[in-house]
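Residue numbers (my numbering): 1 to 307. Yeah, the Cβ is synthetic: ideal placement off N, Cα and C, and Gly gets one too. Scroll down for the structure; my scribbles are underneath it.
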């Protein structure tokens with residue numbers, strides 16, 4: 001059977017084949033967006049507003065919606081069926097090719113202190129799965145100091161492997177002393193390279209939760225969006241209870257995502273911020289995540305494509 005090569009395109013209500021839908025789009029936050037030449041950017045100017053270029057994550061999800069899919073479900077059961085179909089389709093979409101990019105994590109803490117970490121982002125596609133690899137480098141060397149690998153196979157949950165390298169002796173260790181470097185599912189305390197991006201943000205772990213609902217259609221940032229709610233059945237005190245995502249119904253782009261804590265208070269906001277046209281393709285350049293409760297924020301900023 002031929003492996004699907006579309007990026008997170010889904011028709012949640014009609015359940016129709018997506019082979020004819022436009023676009024190969026790389027997911028939020030965690031992943032890079034590449035639109036075909038015939039596609040238009042989500043926003044007309046960088047940052048905000050119609051058509052500006054929107055890694056993901058956590059963060060990055062995309063929906064190619066037909067007319068039936070654009071309609072909000074009429075009942076709770078319809079909403080659950082549509083949401084479950086959407087999340088399942090998002091999980092099973094694989095990238096068409098390997099990818100390599102470099103960039104920066106630009107961080108600002110609650111006190112206004114700023115820091116920047118050099119990063120490399122890779123997508124590795126095999127016959128049985130695909131892996132997103134995030135590598136953070138020390139400030140004075142290009143030897144990897146921290147690496148997160150997220151293995152996606154279409155089944156839930158994802159598999160994670162996280163290592164740190166001591167640049168003085170080349171030894172590897174767990175990111176937190178005494179913790180394992182490999183796990184399955186959600187471990188909320190792991191912040192990649194000291195940023196606001198958790199490992200589960202970059203792995204889009206919320207798509208594996210059983211509680212998925214397609215809530216409604218509404219305008220967001222001047223775009224008509226389908227709204228998907230992903231509910232965690234057993235939220236941890238330091239994790240998410242639910243994630244709400246706004247998906248552009250026309251282009252399939254991620255317009256915004258919000259994560260809520262165990263008390264149902266807004267914890268994090270995710271926003272694609274900037275696109276740039278490179279060799280006829282629109283590529284995601286910036287994804288911002290803001291911790292509403294602490295006041296810190298991180299911008300995931302990618303350079304021009306290296307591959």
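Coarse secondary structure for residue i, derived from DSSP in three states
i           : result
residue 81  : helix
residue 345 : Because the chain is modelled from 1 through 307, residue 345 falls outside the range shown and cannot be assessed.
residue 295 : coil
residue 184 : strand
residue 211 : strand
residue 192 : helix
residue 96  : coil
residue 287 : strand
residue 91  : helix
residue 300 : strand
residue 45  : Residue confidence for residue 45 is low, a pLDDT of 35 falling below 50, so the modelled location carries little weight and cannot support an answer.
residue 58  : Since pLDDT at residue 58 reaches only 36, below the 50 mark, its modelled position is unreliable, and the value read off the structure follows with that caveat. Three-state DSSP puts residue 58 in coil, outside helix and strand.
Same chain, Cβ closer than 8 Å to residue i, neighbours up to 5 away in sequence not counted
i           : result
residue 233 : 209, 210 and 211
residue 146 : 135, 136, 162, 163, 164, 165, 175, 192 and 193
residue 297 : 107, 108, 196, 288, 289, 290 and 291
residue 114 : 106, 107 and 108
residue 260 : 240, 241, 242, 243, 244, 266 and 267
Anticipated Cβ contact below 8 Å, residue i with residue j, distance rounded
i           : j           : result
residue 213 : residue 83  : 4 Å
residue 301 : residue 112 : About 19 Å separates the two Cβ atoms, so there is no contact after all.
residue 157 : residue 128 : Not confirmed; about 17 Å, so no contact.
residue 303 : residue 101 : 6 Å
residue 160 : residue 182 : 7 Å
Option nearest residue i by Cα separation, candidates the options
i           : options               : result
residue 292 : 76, 196 and 118       : 196
residue 78  : 206, 102 and 216      : 216
residue 201 : 265, 237 and 270      : 270
residue 241 : 250, 248, 247 and 231 : 231
residue 266 : 238, 272 and 90       : 238
residue 225 : 116, 182 and 247      : 247
residue 219 : 249, 203, 198 and 190 : 249
residue 204 : 75, 92, 110 and 76    : 92
residue 286 : 159, 80 and 256       : 256
residue 89  : 100, 155 and 120      : 155
residue 221 : 254, 198 and 190      : 254
residue 272 : 198, 190 and 299      : 299
Residues near residue i in its chain [Cβ-Cβ closer than 6 Å; skip 5 each side]
i           : result
residue 244 : 229 and 258
residue 87  : 207 and 212
residue 133 : 122 and 149
residue 131 : 124, 149 and 151
residue 117 : 105, 136 and 193
residue 119 : 103, 105 and 136
residue 75  : none
residue 223 : 248 and 255
Test: residue i CB closer than 9 Å to a CB of chain C
i           : result
residue 270 : The question asks about chain C, but that chain is absent: this structure has only one protein chain.
Own chain residues within Cβ distance below 7 Å of residue i, not counting five before or after
i           : result
residue 153 : 128 and 129
residue 110 : 294, 295 and 296
residue 199 : 148, 160, 162, 187, 190 and 192
residue 264 : 241
Residue ranges of each beta strand (DSSP E) run of no fewer than 3 residues wholly in the stretch 106-170, ordered along the chain?
-> 114-125, 130-137, 144-152 and 159-165
Unbroken beta strand (DSSP E) runs of length 3 or more, entirely within the stretch 225-259: which are they?
-> 242-248
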